[in-house]
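Step one of this worksheet: look at the structure below.
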Amino acid sequence: NHFLFFLKNLFFYGVLMKRNPIDQFLADPDNKAKLFRWMTYGMIITTFLITVGFLFFIIHLVGII
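Each residue of the sequence shown is one higher than the one before, starting from 10 at the first, in this note's numbering.
Now the structure itself:
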C-alpha cells in the first residue's frame, strides 16, 4: 500500500515530495528578522558602492582623474 503511494507520487510529481527548507526557515519570526536585516545591509552597501562608482565615473569623464 505504501509502495503504491510512493509510485503514484513518483510518477505524478516526478520526484519525491520533500519539505521546502526556505519555508521551514522563514516559519520562525527570528529568522525572518535576521534575513530582513541582512538584506537591508546588502541594499545599503550596494547603494553606497553604486554611488561611489558613479561619482568616480563622473570625475573620470570630467578629467579630474
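Yeah, the Cβ is synthetic: ideal placement off N, Cα and C, and Gly gets one too.
Residue i and residue j closer than 7 Å at C-beta
i   : j   : result
L35 : K43 : no
I68 : I74 : yes
C-alpha distance - residue i paired with residue j, whole-angstrom precision
i   : j   : result
L13 : R28 : 21 Å
N18 : T49 : 40 Å
F15 : F63 : 56 Å
P38 : F20 : 36 Å
First through last residue of the alpha helix (DSSP H) which encompasses residue i
i   : result
D32 : P30 to L35
G62 : P38 to V71
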